[in-house]
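Q:
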C-alpha cells in the first residue's frame, strides 16, 4: 500500500513538473487552488467539529471492501498512467529524447562519404529470426509468425513444449522433422532486432542508410542458422540465393564489388560460402575460380568465431553455455523452475543438439591451437575481476599502468586453459603428469544396454539416457580433456549427434591442403583446412571487442542428483580461484568479447593468413581491428556506444565507422591498418603452426 | 492527488454531509505524503493510517465522485484484463468452432482441399502487387519524420497519417518535375512477402493466397513478392531502384533452384500492367531493357495469371486525377471517409491528396487506353444495352444469367452513353450528341488565377488556371476517352508532360513502327506485341457482378477559390441508366470494368493476332460476386471485389492448380458470367497485321 501511494505521489510530481514545462499558467492555477484549499481546510476543521456534535447518519454508506479498494487503486493507477501517456504524446518528440550523440553516419555524411560498394550482412547464430510455414496442430495460428527472434517470445511462455518441438530438427538427418517447416525470416527484418528494443543489425543499418544505403545495395543474407551450412543450400538454396544476390548487386550498382559483413557464426558461414561458390556445380555453386576476386571487395568479420568457441563445448556437453544461445539470458529464472516438468535443461539440450550449426562452433585446430594439458597460447594471461570494478572509470587513463601492474601481480595458479574440460578443480591445476593417464578404453560403451532409467521418465530424451551409470563415471574419472580429446568425449556421450554433424564439419588442421579430400564441403568452414580463394585484391578484416572476460575452459562435476533424465554433468559453480586468478564459478576466463576468445577471433588474421601462407596462397591482406570494451557510462546510453561485447559491438560507433569507410571505398590501410589492444600477436607466436 | 484536491470544493455543495470527514481524510493523507517526502524512510505511515481508518467506524471514508470514478475505471480495467486473459488462454481454434456452430461446417480452404487431392508445389510463384497495396517505408526523411526510419509510411497502421499529416503528405509525394525522390527524402518499397500480405492489420491482400499455397508446400524459396514502388512510373522503378533487374534476377534464380521449372506469375491490379512492361523490358536489348534476349519469357514463364487486371485502364483514374474524387484509387478515402472532409488539413484535404497523388506517375498508367475505339464515342459504347439490374439482382441473384436477355429488352429504351466518360451536367450526359453544343477548349486561354496568392501552400495545377480556363473546360460539355487525354493535358500540363514520357494511351496502327521500341509503349497492350512464347498461358481472372464506375457527371464547384474547381455531381441520379450519385456504373469488380479486364483475353489476344503474334493461349476466368453471408465470414470467400477477390476460394483454387502444373484446359477453359464476348464484338479493332507478315514475326 505504502509503495503504491508513493508511486502515485511520484507520478504526480512528475506530471506537475511536466505541467510547468507545458505552460506556466497551469502552475499558477495550482497555486491558486492550493490557497483555496487551505481556506477550505480551515472551514472543514470547523465543519468537522460541528459534524462531531451532530449524530452520525443512521446507515453507514458502503464500507470499503477489499475488492473495492483494489478497484479504486487500479482505477487511480490507470488514470494516472493514461494522463502520463497523454502528456508523453503531447510532448514534442525532441523534448523527451535522450540527447543522443549523432551516430557516425551523420558525421561521415558531412565528410562527404556516399554509398559506393553494396553491403551484404550475414547474421550469426541465434540472432536471425525463424518463422513457421507448416506445423503441428499445437502451433495453430502461428503461420508465418515468428517462432524465434524479432517478436516478443510470448509463444515460448504460452506453449513451450510446442515451440521446442517446432524448433528442433530431425535427430538423424539434421533437417526438418516430418510435417514441420520452420524457415528463416528473409530480408533486413530477419535480424535487425532480436527482440523489441534489442538491436542486432539495426544500428549499423541506420547509419549506413545515412550515407545513402537502401534496399538495393544492402542485403541481409538470412539463413536458417540451425542447419549445417551445406544443408542450408540443400534445403533452402540459401547459398545459391546469396550468390545470385551478390551478382545482382554487383551488376546493378555499376559493377562495384560487394563488402560482406558477417557476424559471429556468420563468419564461418561466409567462409563456407566463399569455398562453395568457386567449386564446380554438383557440390558447389560453379562460380569459377575468379568469382570472389571479381565480386568481393572485403570481408569484414565482426566477432569472428574462426576457430570456434569454448562455449559451444559446454553447451553441447551440458546445455550450460552462458549465452551461445541467449535463451538463458532471456529467462534466467525459468530454467531452474519447474514449468517444463523439471526437464528444462534436458529439453533445451535435446533441441540444441539437433542443431548441427552448434557443432560448427566447437574449437577447431585441436591442441596446436588451443593448447594441451600443460600449455596454452594464452599462458600468463591475468584476469582482473576485482580490479575492474575499482578502476572502471579510469580504465582509459590507467591503461598502460594497469597492464604493467598485471604483469607484476603474477600469479600463483596459472590457468591451464588447454584443459577445456576438467573434472574437479585439482584436475584443472595439477601438472599433467600427476593426472591419471588418459585411457581410451573409457570410451567403450560396454554397458550401454543397461540403461535403467528408460521406463520411469518423461519423453525428454537425450543421448545421455543411453549411457550407463558406469560409463558416465568413467568419463568423469578421466579428469581432464583438451580440445582433441574433447571431440572423442563428445563422440562418446553423443555419438549420433556427432556422427550427423561430423559429416558437415571438421575440426582439425590440414597437413597437406592439396590432398583431394579437402575438396569436400565439410572442410570449407574450417579456416585451418581450406585455402582462401585466389583473390589478391580482397581484404579480410577481423573486428572484435576485447577487455571482457570470456569463457575459455570449464571445471565440471558430476550432477548430485542422478534423478532420471537429468544431465549427469554440470559446471562446478562452487570453484573459485584466488584474487587475480581467472577461475570464477567453475569457468576459466580469458580475454575476448564475452563469447569469442581473442585467440579464436584474431589468430587467422594475425598469423594464419598474414602474408602469403599456405592457407592464404594469394596473399589476401588481413587487418585486425580490436575495440576495447567500455561499459556504458550511464543508463541512458542503453547498451553503449563503445561496447566490445559480442553482440553489443554492433552498436559500437568506432566499428560502425570503420565499416562505413570501407563500404564507401576506403582500404584497410586508409582506415589505419591494425589496431590491437590485446596480446593476440604474442599468443599467435606461441602457436606452432606450419604456415 | 492534486486533481483530487481540485475536485473537493466542487463536491462541497453537492454532498456536504460527508464533506468534512473527507477533507479530514484528505488532509491526513496529504500530511502523510508530506512526511513521506521529507524523510523518505517513513514509508508505512499512510498504510497505517489506512488501517486505523478501517478499524474506526467514525473515520470511515466515504465515496466521493472521484473515488467512484476511479473505482469504476478500476472495475472496467480488471474486467478487461480478465477478458484479455481469457482470450489469450482460449484455444486458437475457438473462433472457428463458434463460426461453424452458427453457419454450419465451413468448406475446407482450397489449400487443404487440394493437398488432400495430392497436389504439390511445382512451379515457383511470383506475386506482383498492384497500386496502393504495397507497403512503403522511410529510408531518409526530413526532420519532422524523425524516428520513422524503416517504419512503414504506407500500409500497416497508418498511425503517422493522424499524428503528423502534413509531414506524411510531404514524404509520400514525389518530385513534381522528375517524378522521382524529392531532395533529402527516400521512401522505398518494403521487400519480401510482408510487403503486401496485409495492407493494414487484418486487411489481407495476398495473405490468404500465400497461406493456401503454403499448404501444398510452397515456402520462401518458391515464392517471391516482386515489390516495387508503386508511385513511380514503371521504367523509373528500374532507373531508381533497379527493381526490374531484381525481378529478372529473382525469376532466373527461382527457375534455377527449382529444377528448371518455369514460374507462374500472379500480378494483381496495376501489377498486371507492370508485368506487361516487365515482359517487354526483359527482352529488350540492354541500355533500355534487361537484355534477356528474345526467348527469355518462353524460357522462364509458364503462365501469367492476371487478377483484376486493368489492361485498358480504369475510368476511376480519370476522376482521381481530375478532381481527386475516385472512390478508392487512393484507398486513403475509404479508410477514413469522414476524416478527409473535416478540418485537420485546414480545409484542404482534397487538394493535398490531389497534389500528392498527382506526383505519382503510376496513376497515369491507369488512364483509359485505346481511346474511342475501345471506350466508345459520343453515341456508342461497347457496353451499349447494359442495364443496371441492381434491384432485380438482389431479388434473384442466382438467376442473373437466365435473366440477362429479358433485362436487355426492358432497358433498351434508355441506355447510358458510357462513351462520354465525363459530362458536365446530367442533361448533357443524356442528350443525343447532335444536341450538344461544344466549344473546343483546346485553344482556350487559361487566364490567370487570382487565387494564387491567397491559397496557402497547397499548390495544384488548377491554381495556374484562371476562370476562363475552367469555363472553357466546362463548355466542351462532354469528353470521350480520346478527348479526355487532351483535357488532362489542358488542366495539368506539367503532370501530363511527365506522364506521357512514360505512358501512352493510343492504339498502334502499325506495330512494326520502330517508335514502338520505346519503353513508354510497353505497358499498353494495344501498342505492344506479346513476347514470342507459344507455350506461355495468359489468364485473366476477375470478379463480376458489382457496379463499377464507368462514366461521371461533373459540375463546377460552387466555391472556386482555393478548391478544386470541378466536382462530381452527386445529385444526379437515374435508376434506368445506372446513374447514381453522378456516376454511371457497369458490370465489373467495383474498380475495373469488365471491358478493361477481359477485352484483351477475350479478343485482343485471342488466337494469333497482331498483338499476340505467337498465339499465346488466353483464358478468361470470371467469378461472380456473392457478398459474405454473415459478419463472421469477414470479407467473404466468394467475393468478386477488386481486392477481396484475393480471398475468393474458387480463384485461389484455380491459382493453386495452375501453380501445381495444370494447364488452362485442365482448369476448364473460359468461365464467363458477363457479356464480355458480346461487348468485345462491338469493338471494332483491327487484329490482323495489314501486311501478312506472320512469317516474319
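Protein chains in written order, with the working numbering: chain A, 2 to 692; chain B, 3 to 699. Glycine residues also receive a C-beta, built at the ideal position from the N, C-alpha and C atoms.
By DSSP, does residue 273 of chain A sit in helix, in strand, or in coil?
A: helix
Q: In terms of residues, what are the limits of the beta strand (DSSP E) holding residue 304 of chain B?
A: Annotation for residue 304 of chain B: the continuous beta strand (DSSP E) segment containing it runs 303 to 309.
Q: For residue 296 of chain A and chain B, any beta-carbon pair shorter than 9 Å?
A: no
Q: If you check the beta carbons only, do residue 532 of chain B and residue 618 of chain B fall under 9 Å apart?
A: yes
Q: In chain order, what residues of the segment 567 to 595 of chain B put their CB closer than 9 Å to some CB of chain A?
A: The segment 567 to 595 of chain B vs chain A, Cβ under 9 Å: nothing.
Q: Residue 134 of chain B by DSSP, collapsed to three states: which one?
A: coil
Q: Is the CB-CB distance between residue 228 of chain A and residue 186 of chain A below 9 Å?
A: Contact annotation: residue 228 of chain A and residue 186 of chain A have beta-carbon atoms that are not nearer than 9 Å.
Q: Secondary structure at residue 560 of chain A, three-state DSSP: helix, strand or coil?
A: coil
Q: Could you list which residues in chain B have their beta carbon closer than 9 Å to that of residue 210 of chain A, in chain order?
A: 141, 142, 151, 152 and 188
Q: If we define contact as Cβ-Cβ less than 9 Å, is residue 189 of chain A a contact residue for chain B?
A: yes
Q: With contact counted as at least three CB pairs below 8 Å, one residue from each stretch, are the segment 519 to 536 of chain A and the segment 351 to 367 of chain A in contact?
A: yes
Q: On a CA-only basis, which of B:361, B:210 and B:119 is nearest residue 179 of chain B? Give me that one, please.
A: B:361
Q: So residue 317 of chain B and residue 551 of chain B are supposed to be a Cβ contact under 8 Å. How far apart are they, rounded?
A: 5 Å
Q: If the cut-off is 7 Å on Cβ atoms, which residues from the segment 206 to 235 of chain B count as contacting chain A, listed in chain order?
A: 213, 216, 221, 222 and 223
Q: Please report the residue range of the alpha helix (DSSP H) in which residue 70 of chain B lies.
A: 67 to 91
Q: So within the segment 505 to 581 of chain A, which uninterrupted beta strand (DSSP E) runs reach at least 3 residues, ignoring any that extend past its ends?
A: 540 to 547, 549 to 559 and 570 to 572
Q: Runs of 4 residues minimum, wholly inside the segment 210 to 296 of chain A: which ones carry the alpha helix (DSSP H) assignment?
A: 230 to 237, 239 to 253, 266 to 279 and 292 to 296
Q: Listing by chain order, which chain B residues have their CB less than 7 Å from the CB of residue 75 of chain A?
A: Those within 7 Å of residue 75 of chain A in chain B are 76, 79 and 80.
Q: Of the residues A:288, A:626, A:628 and A:644, which one's Cα is nearest the Cα of residue 634 of chain A?
A: A:644
Q: For residue 478 of chain B, does the three-state DSSP call read helix, strand or coil?
A: coil
Q: Answer with buried or exposed for residue 494 of chain A, where buried requires no fewer than 16 other C-beta atoms within 10 angstroms of its C-beta.
A: Residue 494 of chain A should be labelled buried.
Q: May I ask you to verify whether the segment 638 to 645 of chain B touches the segment 541 to 557 of chain B, counting CB pairs closer than 8 Å and requiring at least 3?
A: yes
Q: So, are the CB atoms of residue 421 of chain B and residue 368 of chain B less than 9 Å apart?
A: no
Q: Are any of the Cβ atoms in chain B nearer than 9 Å to that of residue 249 of chain A?
A: yes
Q: Within 9 Å (strictly less), CB to CB, does residue 184 of chain A reach chain B?
A: True, the Cβ-Cβ gap to chain B drops below 9 Å.
Q: Counting only beta-carbon separations shorter than 9 Å, does residue 71 of chain A have a partner in chain B?
A: yes
Q: Report the three-state DSSP secondary structure of residue 673 of chain A (helix, strand or coil).
A: coil
Q: Got a sec? Which residues, its chain only, sit under 6 Å from residue 75 of chain A by beta carbon, not counting five neighbours each side?
A: none
Q: Could you tell me which whole beta strand (DSSP E) segments of length 3 or greater appear in the segment 622 to 675 of chain A?
A: 622 to 629
Q: Could you check whether the Cβ of residue 273 of chain A sits closer than 9 Å to any Cβ belonging to chain B?
A: no
Q: Between the segment 186 to 197 of chain B and the segment 144 to 155 of chain B, do at least 3 Cβ pairs fall closer than 8 Å?
A: yes
Q: Which bits of chain B does residue 358 of chain A rub up against, with CB to CB less than 9 Å?
A: Under the 9 Å cutoff, chain B gives no residues; its nearest Cβ is about 19 Å from residue 358 of chain A.
Q: Between which residues of its own chain and residue 688 of chain B is the CB-CB distance below 7 Å, once the five residues before and five after are set aside?
A: none
Q: Would you verify that the beta carbon of residue 242 of chain A is, or is not, closer than 9 Å to some beta carbon of chain B?
A: yes
Q: Among residues of its own chain, excluding the 5 on either side of residue 682 of chain A, which ones have a beta-carbon nearer than 7 Å to its beta-carbon?
A: Cβ within range, chain order: 607.
Q: Can you list the beta strand (DSSP E) stretches of 3 or more residues lying completely in the segment 120 to 172 of chain B, in chain order?
A: 127 to 130, 138 to 142 and 154 to 156
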